[in-house]
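Going by the numbering used here, the sequence shown opens with residue 33, and the numbers climb by one from there.
The beta carbon of each residue, even a glycine, is placed where N, CA and C say it ideally should be.
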Amino acid sequence: MNTIENKIMDEKFKILLADSVNEEITTICDILQETYDVVVDSDMSVDVLKDNKFQIIIAHEVGNAEAGIDFLKKTLELSPESVRVLITDCSDSALLIRAINEAKIYRYIKSPYSPTELKLVLKSIKEYLLLKKENDKLLLDLKKLFTGTVSAITDALDGKNPYIFGKSRRVAFCAIKLAEYIGLSDEEVGKIDIAGLLHDIGMVGIPEKVLNKAGILSPEEKMITKQHVENGIKILEDIKQLKDILEIIKYHHEQYDGNGYPFGLKGEEIPIASRIIAVADAYDGLISNRSYRKGFSHEDAIKKLKERAGTGLDPKLVDAFVKVMDKSLDEFRAFEEELTKL
């Protein structure tokens with residue numbers, strides 16, 4: 033017996049069974065109680081979901097499929113991870129399509145049915161949930177491995193120039209705060225986090241004598257540093273898993289007025305994630321020490337950011353950044369302090 037089959041036998045899932053209590057429901061409970069922890073919801077109020085977690089939710093509605101569908105729809109908000117099953121004698125294809133689209137049912141069981149059929153359906157659901165759990169754990173482990181790799185790259189970038197130590201992490205921190213503040217999805221925020229850490233990955237191809245020069249760069253040296261964007265594109269373009277991240281990084285030096293590089297995009301032609309990184313990067317550049325000057329105070333850096341709003345930077349994002357940093361400044365300074373201990 034393999035691992036999944038062992039777990040199917042050992043793990044007792046909770047099932048919410050919704051319908052008015054009748055002889056058939058009692059029979060179903062008798063069939064399932066030995067293998068599952070079954071709770072009957074006879075008034076179909078979904079209140080039981082507020083304090084209990086169920087892996088499987090079954091709506092048993094013979095003669096009233098619409099009531100079963102409506103109940104399952106209500107469960108979506110309170111228990112989105114549950115697997116939904118509709119048991120009904122209805123054969124109306126339009127209603128069944130509605131059950132799939134609106135109530136997100138996993139399986140439909142036509143009544144009358146045999147105990148064996150019900151057991152097989154629930155066993156397949158249990159197997160699906162256990163496999164999903166194992167896959168989710170594997171994905172989490174892979175994500176941790178990926179995050180560790182990104183962190184190692186970030187450390188390598190920091191090591192090339194003592195004046196930018198911690199820059200990638202600070203840019204990521206500020207970019208995340210801004211992205212969350214304007215309401216981007218968790219998925220987009222996650223991409224912006226990684227893009228913030230890797231936005232200057234192309235710097236690995238810039239000579240250290242240029243990066244570490246004590247003084248302002250010459251026009252020729254500035255042109256060399258601008259090559260880091262194209263270097264970054266070359267480094268990341270063949271990594272399939274970083275395709276979305278590359279789309280953020282390649283545009284983070286574009287300017288809102290069209291005077292940026294390397295493509296000369298302007299305004300909303302520039303992806304919003306890239307515009308967010310640009311604001312965070314500009315702020316970090318202002319507050320950081322350089323070989324030829326000390327970093328600006330937060331207040332002075334904000335003034336200079338506002339001066340660039342509408343030219344180099346998205347004015348709406350600058351305005352949002354000012355507001356979010358007013359709220360997050362203490363947290364940011366604590367984060368900076370932690371970086372100095374690395």
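Item: Beta-ladder partner(s) of A310, from DSSP; Value: Note: A310 sits in no beta bridge, so no partner.
Item: Where the alpha helix (DSSP H) containing A246 begins and where it ends; Value: First-last for A246: undefined, no H or E at that position.
Item: Cβ shell of A97 (< 6 Å), same chain only, five flanking positions each side left out; Value: T120, C122, L127
Item: Exposure of D346, with buried meaning 16 or more beta-carbon neighbours within 10 Å; Value: buried
Item: C-beta atoms of I214 and I277 nearer than 7 Å; Value: no
Item: Cβ shell of I47 (< 8 Å), same chain only, five flanking positions each side left out; Value: L64, Y68, D69, V70, V71, F86, Q87, I88, I89, I90, L154
Item: Check whether L161 and A135 have beta carbons under 7 Å apart; Value: no
Item: 7 Å Cβ cutoff met for I309 and G228; Value: yes
Item: With 16 other Cβ atoms within 10 Å as the buried cut-off, status of K272; Value: exposed
Item: Spatial neighbours of K106 in its chain, beta-carbon cut-off 8 Å, leaving aside the 5 residues before and after; Value: V78
Item: Three-state class that DSSP yields for K46 in the structure shown; Value: strand
Item: 7 Å Cβ cutoff met for F367 and F205; Value: yes
Item: Proximity below 7 Å, CB of G296 to CB of N263; Value: no
Item: DSSP state of L297 mapped onto helix, strand, coil; Value: coil
Item: Per DSSP, the bridge partner or partners of T120; Value: K142
Item: Neighbourhood of L110 by C-beta, 7 Å cutoff - its chain only, sequence neighbours within 5 removed; Value: V78, L81, K82
Item: Helix, strand or coil at V94 according to DSSP, with G and I counted as helix; Value: coil
Item: Classification of Y283 by the beta-carbon crowding that lies within 10 angstroms, buried from 16 upward; Value: buried
Item: Sequence-distant residues of the same chain with beta carbon closer than 7 Å to I212, five excluded per side; Value: Going by the sequence as given, residue 212 is Glu instead of Ile. Closer than 7 Å at Cβ, skipping near neighbours: V221.
Item: When K373, L361, L318 are compared against K338, the one with the closest alpha-carbon; Value: L318
Item: Close Cβ partners of A333 (< 7 Å) along its chain, the five nearest in sequence each way excluded; Value: Y315, L318, I319
Item: Strand pairing of V72, partner residues [DSSP]; Value: L49
Item: Residues that DSSP places opposite A341 in a beta bridge; Value: L345
Item: CB contact flag (T179, S200, <7 Å); Value: no
Item: Unbroken alpha helix (DSSP H) run spanning V261, endpoints; Value: 251-268
Item: L288 versus L249: straight-line alpha-carbon distance, rounded; Value: Per the sequence shown, residue 288 should be read as Tyr rather than Leu. Their backbone Cα atoms lie some 24 Å apart in a straight line.
Item: Helix, strand or coil at V115 according to DSSP, with G and I counted as helix; Value: strand
Item: From I281, L371, E66, residue whose alpha carbon lies closest to that of K454; Value: As displayed, the chain neither begins before 33 nor continues past 374, which places residue 454 out of reach and without an answer.
Item: CA nearest to the CA of K223, picked from H260, K241, V182, K158; Value: V182
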